[in-house]
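First the structure, in the form of structure tokens, and then the observations on it.
Residue numbers (our numbering): 2 to 218.
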């Protein structure tokens, strides 16, 4: 047990990028299958089957979205240089403008983020204190960012019910894994694993479409 726990402390590429990633994928697939067995609903919605039907959408889904989501959600753990601070700020504001429509909520939050970013950019002591605070409460922020990451995906569904909630659990689990990778190895590695992770739903959609449901997009 101690050896297993030590794996989370030391850098072990095989453990973190192969074994742990496969565990996350298997658990995510199990969640999807469970929703099918419990609710007798399709594993993928019609929207899931149509979202990847063009190369442009595939590019956005596998590359562009992971970059934006990683910097907005996991950028908090890599505030160690000015480029990361700028990318974190820009991507976080993109997420805010995507999911929040009420200006009275959007404007003060955006101004607060910009003010925080300016302090991080031009006050080195504040940046050190901020990083120290995030590091001390890493598990708390990992939990919060993972849950928010999952909840953002509720916008993909038209109805909110138990079935929908179960379908976002894999996103929350994925958020924990990607936050762990970003904190341990850096944001470029969590982006890479996010891109790889998004390839699996694409392959599952293709398999489901042509071999299970026989749906033609």
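No residue lacks a Cβ here, since even glycine has one placed at the ideal position from N, Cα and C.
The structure displayed is predicted, hence computed values, not measured ones.
Extent of the continuous alpha helix (DSSP H) to which residue i belongs
i           : result
residue 28  : 21 to 40
residue 102 : No alpha helix (DSSP H) holds residue 102; DSSP gives it neither H nor E.
residue 124 : No alpha helix (DSSP H) contains residue 124, which DSSP labels as neither H nor E.
residue 177 : 163 to 186
residue 11  : Per DSSP, residue 11 belongs to no alpha helix (DSSP H) and is neither H nor E.
residue 60  : 56 to 60
residue 68  : 66 to 74
Cα-Cα separation, residue i to residue j
i           : j           : result
residue 122 : residue 128 : 8 Å
residue 18  : residue 184 : 14 Å
residue 16  : residue 140 : 20 Å
residue 204 : residue 116 : 42 Å
residue 33  : residue 88  : 33 Å
residue 161 : residue 167 : 10 Å
residue 69  : residue 130 : 25 Å
residue 145 : residue 196 : 22 Å
residue 64  : residue 172 : 17 Å
Pair within 8 Å by beta-carbon distance, residue i and residue j
i           : j           : result
residue 29  : residue 188 : no
residue 22  : residue 199 : no
residue 67  : residue 192 : yes
residue 11  : residue 179 : no
residue 25  : residue 176 : no
residue 114 : residue 99  : no
residue 73  : residue 108 : no
residue 169 : residue 143 : no
Hey, is the region 135 to 149 in contact with the region 72 to 83, meaning 3+ C-beta pairs nearer than 8 Å? yes
Measuring CB atoms only, is the region 155 to 171 touching the region 102 to 113, in the sense that at least three cross pairs come out at less than 8 Å? no
Only counting runs of 4 or more residues, tell me where the alpha helix (DSSP H) segments fall wholly within the region 124 to 156, in order along the chain. 125 to 137 and 139 to 153
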